[in-house]
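Worksheet: the structure to be examined is printed underneath.
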Amino acid sequence: MIRYLGTRLWQSAVTLILASLVIFFGVRQLPGDPALAMAGEEATPEQVEAVREQLGLNESMITQYLKFVGNMFRGDFGNSTRTGTPVTDLIATTLPVTLWLSAYAIVVAVIVGILFGVIAERYRGRWPEWGANGFALIGLSVPNFWLGILAILYLSVNLGWFPASGYVDIAEDPLRGFYYLTLPALILGTGLAAVIMRQTRASMIETMSTDYVRTARAKGLSRGRVLMRYGLRNSLIVVVTIVGLQLGGLISGAVVTERIFALPGFGKLTLDAVFTRDYPVIQAVVLIITVAYIVINLAVDILYSLINPRIRVGGSN
């Protein structure tokens, strides 16, 4: 295990360095001049050049990159070219909103997806399976922004069950905070729940047709007990894989959901940075999402061996 972790950490460090190269040079291929955006359209060439010198954009690309990497390892991403606020302060304000939303959406998706997957396998060929498959079809085919608009129209405006927009800090008022995040989390988790449901159903169907399950049934164990003891446990490996792959995607993909429900999260910060060519913020946002993917993939590999002891990380016996 220790050797495997050392190998993965080394690979993660290399991946992070390569990602920093792509992030740094890729961001600078965006059209537009951040110095001109910061100075304003009415600025003279001298004023634009002064801003460019202040931001360090007149230095060579190699020098800018080395400074970027050095500051990155110190946790310093510079100041926003749009507001002048330190990027770390902007991230510290907006990232918790997106993390809470993503975590809430994952909890909802896992519960709903596993529940519907078990129901679909338990009642194969009957109306509960048809209902579960219909839910999965809607979750996979209907875009989140359309579901969000419908949810606001019917659940918020017409019925008044949930607020249409806004955010309450969970640290200050947990009950109201989760209440305000419930509808966005349901919308964001719908697609993930549909994927989990389909994969859970397929995994459980495959498990229930194996020889050891038939042996357990022959010894007198009920179908429900075998389903929960063997089928559900084996399907958790698939669920962990899906959640691990989708967690980073939820953090980056919450942009639309946050925009619809007016949440002051990572998505709003990202869009504002892209529209204003705010290089430091864009670099920090993409870098954080990259680190999230690396850490989550490592955690998923370790969880495999905890869920199923027959699986050994690193391919060891």
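Anchor point for the sequence shown: position 33 equals 33 in the UniProt record's numbering, and the numbering is continuous, going up by one each time. C-beta: ideal position from N, C-alpha, C; glycine also. Given the structure is predicted, the values throughout are model-derived calculations rather than measurements.
The three-state reading of DSSP puts ASN79 in strand, counting E and B together. Secondary structure of PRO86 (DSSP, three-state): strand. Just so you know, the alpha carbons of GLU129 and TYR123 end up roughly 6 Å apart. By the criterion of at least three beta-carbon pairs nearer than 8 Å, the stretch 267 to 278 is not in contact with the stretch 70 to 77. For LEU263, the closest C-alpha among the options THR44, GLU46, THR94 is that of THR94. For ILE152, the closest alpha carbon among the candidates LEU181, GLU172, LEU175 is that of LEU181.
For TYR180, the three-state secondary structure derived from DSSP is helix.
For SER156, no alpha helix (DSSP H) encloses it, and the DSSP letter there is neither H nor E. THR207 carries a helical assignment under DSSP once its states are collapsed to helix, strand and coil.
When the beta-carbon positions are compared, ILE106 and LEU247 come within less than 8 Å of each other. In the three-state scheme derived from DSSP, where H, G and I count as helix and E and B as strand, THR276 is classed as coil.
When secondary structure is reduced to three states using DSSP, LEU263 falls in the coil class, being assigned neither helix nor strand.
For ASP169, the secondary structure class from DSSP, reduced to helix, strand or coil, is coil. When the five nearest sequence neighbours on each side are left out, the beta carbons in the same chain lying within less than 7 Å of the beta carbon of ASP169 are those of GLY177, in order along the chain. Taking C-beta atoms as the reference points, MET204 and GLY117 count as a pair closer than 8 Å.
Going by DSSP, TYR123 is part of no alpha helix (DSSP H) at all; its letter is neither H nor E. By the neighbour-count definition (other C-beta atoms within 10 Å, threshold 16), ASP278 is a buried residue.
Its Cα nearest to that of LEU159, the residue LEU150 stands out among VAL14, GLY166, LEU150.
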